[in-house]
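Only one structure is covered here, and it is reproduced in the block below.
Protein chains in written order, with the numbering used here: chain A, 4 to 17; chain B, 6 to 262.
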């Protein structure tokens, strides 16, 4: 099964 | 004071088409350089980044950088007052908590003015690095739209695979499985009809298909779109508006648990 990580786990907070 | 006039006011309508099913409220960042927006969808899986350069507007004035929060559902209602060929002027006084939109017909025989309340929105701003992608595919946006629509009636997820031969979109569901491959093709006279594959490394990623269908609602903005992919990174789906700006969608890939 594949999970769906949040987009914020790829981009740091500005 | 902020004031900006677009000769082709329906550009804003087209941008809203692509935004409103993804984001219901967002901050527009006004600066002397232009208007930008960054927002995540409610499930925080996708991110949209809009940039409209100041020189895309006929008259552009922004005395000080400011963020204005808008309900995009309400904005879409307001935009219904604009004819497709109308010019559109946006005005926001720094001391007021509203925005005025003026729609004028090209013949200057119809004038509509609508005032809309602004809202305070807490939003998280993410830093998007300038990635070098493993693969960048440019293709006609209508073709991309058709592919993701067709596949979404078969499955819920799409596996996108780029090799030197082209880009393949695959899905499977109760109906069966489907693979659609678009090969590099630059034989057509119009560059907008070309499909080009810029490949550093072959890459395969899986995404929730319904987001691609939502991104494709920006199809009317540009004849060409691009898909940029890197291993284990969010895909970037871009619709460039000539030298006026762009709308970029980022979607996190599905990864093995």
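All C-beta atoms, glycine included, are put in the ideal place defined by N, C-alpha and C.
From a predicted model like this one, the values you see are computed outputs, not experimental measurements.
Report the start-end ranges of each beta strand (DSSP E) in the stretch 125–203 of chain B that is 3 residues or longer and not cut off at the edges. 140–145, 162–168, 171–177 and 182–188
Tell me where the beta strand (DSSP E) around residue 217(B) begins and ends. For the purposes of this step, residue 217(B) is identified with residue 212 of the second chain, where counting begins at 1. No beta strand (DSSP E) holds residue 217(B); the alpha helix (DSSP H) holding it covers 214–220.
Within the stretch 7–95 of chain B, ranges of the beta strand (DSSP E) (whole runs, at least 3 residues): DSSP runs (the beta strand (DSSP E)) wholly in the stretch 7–95 of chain B: 7–11, 30–36, 39–45, 51–58, 65–67 and 71–76.
Let me see if you follow: with CB-CB separation under 9 Å, is residue 138(B) close to chain A or not? Reading the second chain from its first residue, position 133 is the one you call residue 138(B). No, no contact with chain A.
Looking only at DSSP bridge pairs, what is residue 115(B) linked to? Taking the first residue of the second chain as position 1, residue 115(B) is located at position 110. Beta-bridge pairing links residue 115(B) to no other residue.
What residues in its chain sit with their C-beta under 7 Å from that of residue 89(B), if we drop five residues either side in the sequence? Reading the second chain from its first residue, position 84 is the one you call residue 89(B). If we look at residue 89(B) and ignore the five residues flanking it on each side, its Cβ neighbours are 15.
At the 9 Å Cβ level, is residue 236(B) part of the contact set with chain A, yes or no? Position 231 of the second chain, counting from 1, holds the residue named residue 236(B). Taking Cβ atoms only, chain A never reaches closer than 9 Å to residue 236(B), which makes this a no.
C-alpha gap between residue 167(B) and residue 208(B), whole angstroms: Here residue 167(B) is taken as the residue at index 162 of the second chain, counted from 1. Here residue 208(B) is taken as the residue at index 203 of the second chain, counted from 1. Looking at the two C-alpha atoms, the distance is approximately 5 Å.
Would you mind giving the Cβ-Cβ distance between residue 83(B) and residue 119(B), rounded to the nearest angstrom? I have them listed as a contact below 8 Å. Numbered from its first residue, the second chain carries residue 83(B) at position 78. Numbered from its first residue, the second chain carries residue 119(B) at position 114. Confirmed, about 5 Å.
Near residue 150(B), what residues of its chain come up, given a Cβ to Cβ distance below 7 Å and the 5 sequence neighbours on each side ignored? As a first step, residue 150(B) is located in the second chain; it is residue number 145 there, counting from the start. Excluding positions up to five away in sequence, the list reads 221 and 224.
Contact criterion: CB-CB distance below 9 Å. Does residue 55(B) meet it with respect to chain A? Translated into positions along the second chain, residue 55(B) becomes position 50. Chain A, which has no Cβ nearer than 9 Å to the Cβ of residue 55(B), makes this no.
Spell out the partners DSSP gives residue 250(B) in its beta bridges. Along the second chain, one-based indexing puts residue 250(B) at 245. DSSP, once it has assigned bridges, lists 57(B) and 246(B) as partnering residue 250(B).
Would you mind giving the Cβ-Cβ distance between residue 269(B) and residue 23(B), rounded to the nearest angstrom? I have them listed as a contact below 8 Å. For chain B, the structure presents residues 6 to 262; residue 269(B) sits outside this window and is missing.
Hey, would you say residue 80(B) sits closer than 9 Å to residue 94(B), going by beta carbons? On the second chain, position 75 is the one that residue 80(B) refers to. On the second chain, position 89 is the one that residue 94(B) refers to. Contact flag unset, no.
So which of 91(B), 35(B), 136(B) and 18(B) has the shortest CA-CA distance to residue 78(B)? One-based indexing of the second chain puts residue 78(B) at position 73. Closest option to residue 78(B), Cα to Cα, is 18(B).
Identified DSSP bridge partners for residue 108(B): Residue 108(B) sits at position 103 when you count from the first residue of the second chain. Per DSSP, 93(B) and 117(B).
Outcome for residue 164(B) when other beta-carbon atoms lying within 10 angstroms are tallied against a minimum of 16: Counting from one through the second chain, the residue named residue 164(B) turns up at place 159. It counts as buried.
Which of the three DSSP states, helix, strand or coil, is assigned to residue 238(B)? The residue labelled residue 238(B) in the question sits at position 233 within the second chain. Reduced to three states, the DSSP call for residue 238(B) is coil.
Residue 240(B) burial status per 10 Å Cβ neighbour count (16 or more: buried): Looking up residue 240(B) in the second chain gives position 235. So residue 240(B) ends up on the buried side.
Count the other CB atoms, across all protein chains shown, that sit within 10 Å of the CB of residue 180(B); report buried if there are 16 or more and exposed otherwise. Indexing the second chain from 1 puts residue 180(B) at position 175. It is exposed - the Cβ of residue 180(B) has fewer than 16 other Cβ atoms within 10 Å.
In the DSSP assignment, what residue or residues form a beta bridge with residue 229(B)? For the purposes of this step, residue 229(B) is identified with residue 224 of the second chain, where counting begins at 1. Residue pairing by DSSP places residue 229(B) opposite 145(B) in a beta bridge.
So, helix, strand or coil for residue 224(B), using DSSP? On the second chain, residue 224(B) is found 219 positions in, with the first residue counted as 1. In this structure, residue 224(B) counts as helix in the three-state DSSP scheme.
Interface partners of residue 211(B) on chain A, CB under 8 Å: As a working mapping, residue 211(B) is identified with position 206 in the second chain. Taking a Cβ-Cβ threshold of 8 Å, the residues of chain A close to residue 211(B) are 5, in chain order.
Distance check for residue 217(B) and residue 178(B), CA to CA, integer angstroms please. The count along the second chain starts at 1 and reaches residue 178(B) at position 173. The count along the second chain starts at 1 and reaches residue 217(B) at position 212. Going by the C-alpha atoms only, they are around 17 Å apart.
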